[in-house]
Amino acid sequence: MEIVGIIPARYHSQRLPQKLLRLLLGKPLLQWTWERARQARCLDRLIIACDNVQVQRAACDFGAEVVMTSPEHSSGTDRIAEAVRDLDTKYVINIQADEPLIHPTTINVLGATIAGDNHPVMASIKTKLIDPDDRDNPNVVKVVVDKNDNALYFSRAPIPYRREADQEAIYYKHIGIYAYTKDFLYTFKNLPASQLEGAEKLEQLRALEAGYKIKVVTTQFDSHGVDTEDDFKKVERILIQNGHSSVIE
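So in the numbering used here, spot 55 of the sequence shown is number 68, and the numbers just go up one at a time.
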């Protein structure tokens, strides 16, 4: 087995309680994410790593492979590390559970990157930021990269800063999906929490501050995480616009 996809599914959410089980057009939000991810050709196996019996039961009901992990984990990375501990795999892709619009091609691009000839230890995804409202939205993470597409910084603030109002700037939105070599996953997990990570509340900054590179490749397919009620409604509108209707008519 080369690449395993893990969807860390934490039951409790401060900003939008129990969001993973909330019905989105008639089926749980988590199911939308899983159905998208299982279309990715690069994944040899796809597992939901949960911490709650209700999530486990719901995931089993829609046919997912599920493993129960400790409810004490403070991050998705810790949960994934437990889930893959005994698996014989070279690479791990962390697919955020609250990304119901994640495109399978995005996962495939990430899989090809982590298993490619350049051998990055960690990789992620960016897409050109189109919606001007997203630039100043702290729930939409921005990223800047060097000429080799290695991350320079991730921020909730709009980066780069435009000193002149009429100056052109290209903004990239970070899509919160990560790939790691299995070995580096445990290195990353054991790094001490960093100052930048604490300030931005962005776990990936821990790797950058420790001196590791994160390859950030571009996809044309946008995605929208669900952190708030407004996010939920936005995703629902997009699904309807794309031809989806409720499974409960």
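By construction, the Cβ of each residue, glycine as well, lies at the ideal position given by its N, Cα and C atoms.
Quick check: the Cα distance between residue i and residue j, rounded to an integer number of angstroms?
| i | j | result |
| --- | --- | --- |
| L33 | H86 | 17 Å |
| E95 | Y104 | 14 Å |
| V66 | T82 | 10 Å |
| P145 | F167 | 18 Å |
| R92 | K160 | 33 Å |
| I16 | G39 | 31 Å |
| V122 | D130 | 14 Å |
| L218 | G18 | 22 Å |
| E262 | C55 | Residue confidence is low: E262 scores 41 on pLDDT, short of 50, so the model does not pin down where it sits. Its coordinate-derived value is still stated next. So the alpha carbons of these two residues sit roughly 34 Å apart. |
Quick check: residue i and residue j, are their CB atoms within less than 9 Å of each other?
| i | j | result |
| --- | --- | --- |
| W45 | L252 | yes |
| N163 | K226 | yes |
| I190 | I120 | yes |
| D101 | M14 | yes |
| L59 | A71 | no |
| K228 | P133 | yes |
| I61 | A110 | yes |
Put residue i into one of helix, strand or coil per three-state DSSP.
| i | result |
| --- | --- |
| C55 | coil |
| V17 | strand |
| L221 | helix |
| T12 | Nothing can be reported for residue 12: it is not among the residues displayed for the chain, which extend from 14 to 262. |
| A128 | coil |
| K246 | helix |
| G89 | helix |
| E262 | Bear in mind that the predicted position of E262 carries a pLDDT of just 41, short of 50, making it unreliable; the figure below should be weighed with that in mind. Reduced to three states, the DSSP call for E262 is coil. |
What are the boundary residues of the alpha helix (DSSP H) that includes residue i?
| i | result |
| --- | --- |
| L198 | K195 to K202 |
| A50 | L42 to A50 |
Could you spell out where the beta strand (DSSP E) holding residue i opens and where it closes?
| i | result |
| --- | --- |
| T140 | M135 to K141 |
| E78 | E78 to M81 |
What does DSSP give as the partner residues of residue i in its beta bridges?
| i | result |
| --- | --- |
| H187 | K139 |
| Y5 | Here the chain has residues from 14 to 262 only, and residue 5 is not among them. |
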